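Notes follow the structure.
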Amino acid sequence: MRWARHAVPAAVAALAAVATRDLLQREHALRRNFPLLGRARYLLEAIGPELRQYIVAGNNEERPFTRDQRRWVYASAKQQNNYFGFGTDNDIEFTPGYPVIKHRTFGRAVPASTPTLGHEVRLPCAKVLGAARGRARAFRPESVVNLSGMSFGSLSGPAVEALNRGAAIAGCLHNTGEGGLSPYHRHGGELIFQLGTAYFGCRDDRGRFDLARLKDVVAGAPVRALEIKLSQGAKPSLGGLLPAAKVSAEIAATRGIPVGKDCVSPSRHAEFSDCDSLLDWVELLAAETGLPVGIKSAVGDLDFWTELTDLMRDTGRGVDFVTVDGGEGGTGAAPLIFTDSVSLPFQQGFTRVYATFAERDLHEQVVFVGSGKLGLPDNATVAFALGCDMVAVGREAMLAIGCIQAQKCHTDTCPTGVATQNAWLARGLDPASKSVRAAHYVKTLRRDLLKVAEACGVEHPGLIDTDAVEILGGRTTSTPLREVYGYRPEWGLPSAADRAAIAALMSQEAPQGGSATPSPTAQN
Ligand SMILES: Cc1cc2nc3c(=O)[nH]c(=O)nc-3n(C[C@H](O)[C@H](O)[C@H](O)COP(=O)(O)O)c2cc1C
Ligand code: SF4
């Protein structure tokens, strides 16, 4: 046993060296937070497919995001090979509701032939946000893919910083979420400031909305638009409570609340109580800040939308954008009955809302934003076909900065430092490297959307129409998307003028593909 006297200390020293290396490196939050132990995940990830094939779940079984979906996000974020081999393992033939995108053989746009081309291509919105209502600070958003609202408080400071820096690199908008505008939001990324029921960051000492504070916030940061949050798909109609233990000095300062006391978000707004007073408030905010103003909502009862659009048509007041959040959307914490069963899934909710605007000829004057697992190219393509002008991505961006879908966001024990206020865990997330991953992910999604658009023969995803998608009913039947949702021709597209403008813009932007050199007998 003499050998053991040398071998054991050597092994311990080696393990200590590896642990120290894990602790000091910045690339992997999991290894930084859980030296040595964190490595087990990478090992399991490497041999997982072989193991799972026999004992656990398939590539498309996990939820909210399947393993294939997560692998695509992770690989895109790390700029690794995000292709899949051997063909689809989705059960296309036998899955009713499966969307199929119909490419065109000879379209007017042709995808670039080199796979990586297009990664840096701008993909701006096909509509100018706020133009229809003449807002002083109307603008064309630079990116059709933007970061959805997730507050500092539900996300850690480093996570918010990584997303904000990522937004700056990718040239997209970063929604603050309802928790106010924190120092972590001030790293160069342009912002949409969200106003929730508690008016965090723009409230007075008694919790009332304070217009002067809002104007200060807007003037002191690159805020490009305001979003009034009516509800979110994962927990519509619910307020919230941030427990005293989580109300740190930093969170208190950002939100404008006292340190170390329970912080309640009411379930309803105090500044308006119906569509009429909502529209008055929208016009007030737009007039006072010059910014485009929109609403974010999940979809349940349709009375709200019919009343809102009737008033917009009849009175000339109106919202500049509408974000429809699907019931499949995410949250930091919510009761199971709400995450599982309250509010319509994205496609059903969005199409009802869109039709309400379109029936009153308002659809071309409003920018439609979709959210609810739309950070994946197939879902996003269908959303654009249905009339979305932009998508907002939440959890997919979290995956890009290291989330492993452990689903512990509500426990403050997030192992990757993304959704926690625990200082040790949050420290593991390095904002500098993760911001690059967030940006790569956004750019890759944009590139894939551009390629799909071009495969459909058009220059931009906003020009994909409902006829380009069919919904399979199983192996032998399918229905055009237009019929599934009762759309009229031209619904789902921007106005003719906006279509011409974005096609012209993209033809200067996107590298076009083509054939190899034709033979002398080619019939061009
Ligand atoms: C951790 C977390 C925090 C969130 N916080 C907010 C919020 O403050 N305001 C909001 O409107 N939505 C919030 N959401 C919802 C997202 O913005 C988004 O609408 C939803 O997750 C659907 O998008 P996804 O499927 O891409 O995640 C949050 C979601 C998550 C996962
Ligand atoms: S707790 Fe899990 S699901 Fe939530 S952010 Fe952290 S890793 Fe992701």
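This note's numbering numbers the first residue of the sequence shown as 497 and each following residue consecutively.
Glycine residues also receive a C-beta, built at the ideal position from the N, C-alpha and C atoms.
None of these values were measured; they are calculated from a predicted model.
Integer Cβ distance of residue i from residue j, believed to fall under 8 Å
| i | j | result |
| --- | --- | --- |
| S652 | L895 | 15 Å between Cβ atoms; not a contact. |
| G626 | E723 | The pair is not a contact, with the Cβ atoms about 13 Å apart (cut-off 8 Å). |
| D799 | Q728 | So it is not a contact: roughly 19 Å between Cβ atoms. |
| F846 | G866 | 6 Å |
| G890 | G826 | 5 Å |
| G883 | G953 | About 19 Å; that fails the 8 Å criterion. |
| A663 | L643 | 6 Å |
| P873 | D944 | 4 Å |
| R813 | A766 | That belief does not hold up - the Cβ atoms of R813 and A766 are roughly 20 Å apart, past 8 Å. |
| E523 | S929 | 6 Å |
| L526 | T912 | 6 Å |
Neighbourhood of residue i by C-beta, 7 Å cutoff - its chain only, sequence neighbours within 5 removed
| i | result |
| --- | --- |
| T562 | N555 and N556 |
| Q690 | G645, N671, T672, G673, E674, E723 and K725 |
| P718 | E686 and L687 |
| E657 | Y680, H683 and P927 |
| L511 | L532 |
| A964 | I597, K598, A881 and C952 |
| K623 | V863, D885, P990 and D994 |
| E784 | L707 and K711 |
Ligand 1 heavy atom lying under 7 Å from the CB of residue i
| i | result |
| --- | --- |
| E674 | yes |
| A888 | yes |
| L669 | no |
| E892 | yes |
| D821 | yes |
| L651 | yes |
| L722 | no |
| S839 | no |
| G868 | yes |
| Q728 | yes |
| K574 | no |
| G898 | no |
| K792 | yes |
| S988 | Reading off the sequence shown, one finds Gly at residue 988, where the question assumed Ser. It does not: the Cβ of G988 is nowhere closer than 7 Å to a heavy atom of ligand 1. |
| Q690 | yes |
| K725 | yes |
| G871 | yes |
Sequence-distant residues of its chain with Cβ nearer than 6 Å to residue i (five each side left out)
| i | result |
| --- | --- |
| R809 | R856 |
| C759 | L738, V743 and I753 |
| L840 | V795 and G823 |
| Q861 | A628 |
| A782 | R631 and V789 |
| S647 | G673, E674 and G675 |
| S793 | L726 and S727 |
| G665 | Here the sequence assigns Ile to residue 665, which means Gly is not the residue at that position. So the list reads A935, once near-sequence residues are dropped. |
| W801 | V849 and T852 |
| L710 | C698 |
| T962 | A881, L977, R978, Y983 and G988 |
| V838 | P732 |
| P592 | G969 and G970 |
| A745 | V755 |
| Q565 | L872 |
Beta-carbon contacts of residue i that lie in its chain and below 8 Å, excluding the five residues immediately before and after
| i | result |
| --- | --- |
| V606 | E950, Q1008, G1009 and G1010 |
| P831 | K731 and L734 |
| F582 | none |
| S974 | V596, E966, I967 and L968 |
| P762 | T693, A694 and G735 |
| R618 | E638, S639, G667 and E1005 |
| K939 | H615, E616 and A666 |
| L775 | L804, L807, M808, T811, R813, G814 and V815 |
| L539 | none |
Heavy atom of ligand 2 within 7 Å of residue i beta-carbon
| i | result |
| --- | --- |
| T827 | no |
| A911 | A small correction: the amino acid at residue 911 is Pro; Ala does not occupy that position in the sequence shown. Yes. |
| M646 | no |
| Q901 | yes |
| V914 | yes |
| K904 | yes |
Residue i beta carbon near ligand 3 (any heavy atom closer than 7 Å)
| i | result |
| --- | --- |
| D712 | As for ligand 3, it is missing from this structure, which binds only ligand 1 and ligand 2. |
Extract the residue ranges of the beta strand (DSSP E) inside the region 567–642, only unbroken runs of 3 or more that lie entirely within it. Listed in chain order, the beta strand (DSSP E) runs fully inside the region 567–642 are 595–597, counting runs of at least 3 residues.
Output the residue ranges of the alpha helix (DSSP H) runs that lie fully inside the region 804–841 and measure 4 residues or longer, sorted by chain position. Counting only runs of 4 or more, we get 832–837.
As an exercise, report each continuous beta strand (DSSP E) stretch of at least 3 residues that is fully enclosed by the region 957–1011, in chain order. Under the rule that a run must span 3 or more residues, the beta strand (DSSP E) segments found entirely inside the region 957–1011 read 965–968 and 974–976.
Completely contained alpha helix (DSSP H) runs for the region 845–910, where each covers 4 or more residues: If we require 4 residues or more, the alpha helix (DSSP H) runs fully inside the region 845–910 come out as 873–881 and 891–896.
Segments of 4+ residues assigned as alpha helix (DSSP H) that fall wholly inside the region 637–676: Taking only runs of at least 4 residues, the alpha helix (DSSP H) segments lying wholly in the region 637–676 are 653–666.
Which runs of the beta strand (DSSP E), 3 residues or longer, sit entirely within the region 731–786? The qualifying runs are 736–738 and 759–761.
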